[in-house]
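Chemist: Protein chains in written order, with my numbering: chain H, 542 to 715; chain Z, 542 to 715.
2 protein chains.
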Amino acid sequence: MDISAVNALPYEDFVNIFGNVVEKCPLITAAVWTRRPFTSFNALEAAINEFIDALPESGKEGILRCHPDLAGKHLHSGALTRESQEEQTRAGMDVLSSAEASQMTRLNEEYKGRFGFPFVICARMNDKVTILRELSERCQNERAAERARGIGEVKKICRLRLQGLVLSDATNKL
Amino acid sequence: MDISAVNALPYEDFVNIFGNVVEKCPLITAAVWTRRPFTSFNALEAAINEFIDALPESGKEGILRCHPDLAGKHLHSGALTRESQEEQTRAGMDVLSSAEASQMTRLNEEYKGRFGFPFVICARMNDKVTILRELSERCQNERAAERARGIGEVKKICRLRLQGLVLSDATNKL
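1) Going by C-alpha distance, which of Z:616, Z:546, Z:586 and Z:581 is nearest residue 569 of chain Z?
2) Which residues of chain Z have a Cβ atom closer than 8 Å to the Cβ of residue 565 of chain H, listed in chain order?
3) Could you please give the first and the last residue of the uninterrupted alpha helix (DSSP H) stretch that includes residue 567 of chain Z?
4) What in chain Z is Cβ-close to residue 607 of chain H, meaning under 7 Å?
5) Within 10 angstroms of its Cβ, does residue 704 of chain Z collect 16 or more other Cβ (buried), or is it exposed?
6) Using the Cβ count rule (16 or more neighbours within 10 Å means buried), how would you classify residue 567 of chain Z?
7) Can you check which of these residues, H:685, H:580, H:595 and H:559, is closest to residue 699 of chain H by C-alpha distance?
8) Quick check on residue 604 of chain H - is its C-beta less than 8 Å from some C-beta in chain Z?
9) If you reduce the DSSP assignment to three classes, tell me which class residue 683 of chain Z lands in.
10) Have a look at H:643, H:639, H:597 and H:684 and flag the residue whose alpha-carbon is nearest the alpha-carbon of residue 659 of chain H.
11) Check whether chain H comes within 8 Å of residue 599 of chain Z, counting only Cβ atoms and requiring the distance to be less than that.
12) Given that residue 595 of chain Z touches chain H, what residues does it touch there, using C-beta distances under 8 Å?
13) Going by C-alpha to C-alpha distance, which of Z:668, Z:642 and Z:625 sits closest to residue 561 of chain Z?
14) Which whole runs of the alpha helix (DSSP H) in the segment 629–684 of chain H are 4 residues long or more, in chain order?
15) Pop quiz: residue 782 of chain H and residue 661 of chain H are said to be a contact at Cβ under 8 Å. What is the actual Cβ separation, rounded to whole angstroms?
16) Determine which residues of the segment 616–641 of chain H have a Cβ less than 9 Å from any Cβ of chain Z, and write them out in chain order.
17) Could you check which residue in Z:612, Z:696, Z:619 and Z:616 has the C-alpha nearest to that of residue 672 of chain Z?
18) Using a Cβ cut-off of 8 Å, which residues of the segment 647–664 of chain H contact any Cβ in chain Z, in chain order?
19) Return no unless some Cβ of chain Z is closer than 8 Å to the Cβ of residue 674 of chain H.
20) Counting contacts by CB-CB distance shorter than 8 Å, is residue 556 of chain Z in contact with chain H?
21) For residue 678 of chain Z, count neighbouring Cβ atoms within 10 angstroms of its own Cβ and tell me buried if that reaches 16, exposed if not.
22) Just to make sure I have the definition right: I need the residues of chain H whose C-beta is within less than 8 Å of the C-beta of residue 576 of chain Z. Which are they?
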């Protein structure tokens with residue numbers, strides 16, 4: 542794995558490989574291609590984070606709104622992106638008890654009703670206990686604080702997805 | 542059809558319906574939901590255009606890079622979005638002669654090599670003759686001029702997709 546091989550990629554291949562490091566936002570990956578060459582994968586990650594930070598607040602909310610509910614209807618229907626499906630499954634979102642599932646649905650709706658964007662948390666750094674606790678607590682926050690918190694979680698998800706790709710066949714074949 | 546019904550949509554439904562008015566950039570639609578209520582569909586369109594205009598130049602290039610090639614490999618493999626497939630087919634991109642297809646491929650590659658983003662044109666306002674002519678001429682432009690020109694075409698495509706949705710079942714059922 543070599544960042545120079547990544548730097549040599551045409552934008553189509555770059556977006557094909559890294560386009561979903563921010564969920565359903567290939568625009569971001571496609572934009573940072575302009576910033577190549579990257580000195581490292583950390584530099585690529587930094588460019589993505591800088592692009593996100595420079596967006597207006599509505600744009601940050603837009604990123605959050607591209608994320609699916611945790612343990613939502615799309616998890617069981619198979620309509621999630623591959624990355625989300627794996628992350629939610631690892632966190633046990635597919636094996637909630639009936640009571641946990643009801644609580645998650647109720648709190649997701651409360652959160653979305655209050656903030657106008659979904660609860661986003663890095664599922665791979667949590668399990669169902671911590672996710673439910675965080676969701677319950679974060680419902681009490683202010684909108685601006687939650688927008689910032691959600692974007693912080695988006696960046697954690699992005700970092701882990703990037704790391705996964707660096708270790709995967711997708712980039713080792715470069 | 543009533544803009545007030547659109548204004549009452551939860552963000553999930555709003556993004557489901559309008560998420561591809563800018564090709565593969567649901568982030569933009571999801572962001573402008575913050576700006577509701579809209580006084581009209583023109584106001585919704587204006588909010589989208591303002592969001593695009595406020596992006597850094599890399600972000601505008603990112604939007605262009607989310608667009609497929611015209612008459613590219615994805616047209617025949619069925620890998621285009623429904624909207625792109627319809628638009629390219631209407632413009633005759635699926636029935637090019639062998640010579641036209643070769644010319645299109647050669648010029649698409651030349652354009653992408655020169656600018657680092659694909660040739661974007663509102664296919665529904667053109668046919669294969671004008672598309673080939675424009676592609677050939679625009680290959681000679683400067684990068685900044687082509688970025689601006691491409692974004693102008695993105696806005697035309699967006700306007701027609703919005704108009705189509707306003708007239709379609711998707712929004713009449715609201």
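In this text, a Cβ means the ideal position worked out from N, Cα and C, and glycines have one as well.
Modeler: For this structure:
1) When only C-alpha atoms are compared, the closest one is Z:586.
2) Listed along the chain, the chain Z residues whose CB falls inside 8 Å of the CB of residue 565 of chain H are 567 and 568.
3) Looking at the DSSP string, the run of the alpha helix (DSSP H) that includes residue 567 of chain Z is 567–573.
4) Result: 567, 568 and 571.
5) Answer is exposed; the Cβ neighbour count stays below 16.
6) Around the Cβ of residue 567 of chain Z, a 10 Å sphere holds 16 or more other Cβ atoms; the residue is buried.
7) Nearest option by C-alpha distance: H:559.
8) Chain Z contact via Cβ: present.
9) In the structure shown, residue 683 of chain Z sits in coil (DSSP, three-state: anything other than H, G, I, E or B).
10) With distances taken between CA atoms, residue 659 of chain H lies nearest to H:684 out of H:643, H:639, H:597 and H:684.
11) Put simply, the CB of residue 599 of chain Z is near chain H, with a gap under 8 Å to one of its CB atoms.
12) The contacting residues are 597.
13) That would be Z:625, whose Cα lies nearest to the Cα of residue 561 of chain Z.
14) Every alpha helix (DSSP H) of 4 residues or more that sits fully in the segment 629–684 of chain H is shown, in chain order, as 639–656 and 669–679.
15) This structure leaves residue 782 of chain H out entirely; chain H is present only between 542 and 715.
16) So nothing in the stretch comes that close.
17) Ranked by how close their Cα comes to the Cα of residue 672 of chain Z, the residues Z:612, Z:696, Z:619 and Z:616 have Z:612 in first place.
18) Sequence-ordered contacts of the segment 647–664 of chain H with chain Z read 653, 657 and 658 [C-beta pairs closer than 8 Å].
19) So, not an interface residue.
20) Cβ-Cβ to chain H under 8 Å: yes for residue 556 of chain Z.
21) Counting every other CB atom within 10 Å of its CB across the protein chains shown gives residue 678 of chain Z a total below 16, marking it as exposed.
22) Those are 599, listed as they occur along chain H.
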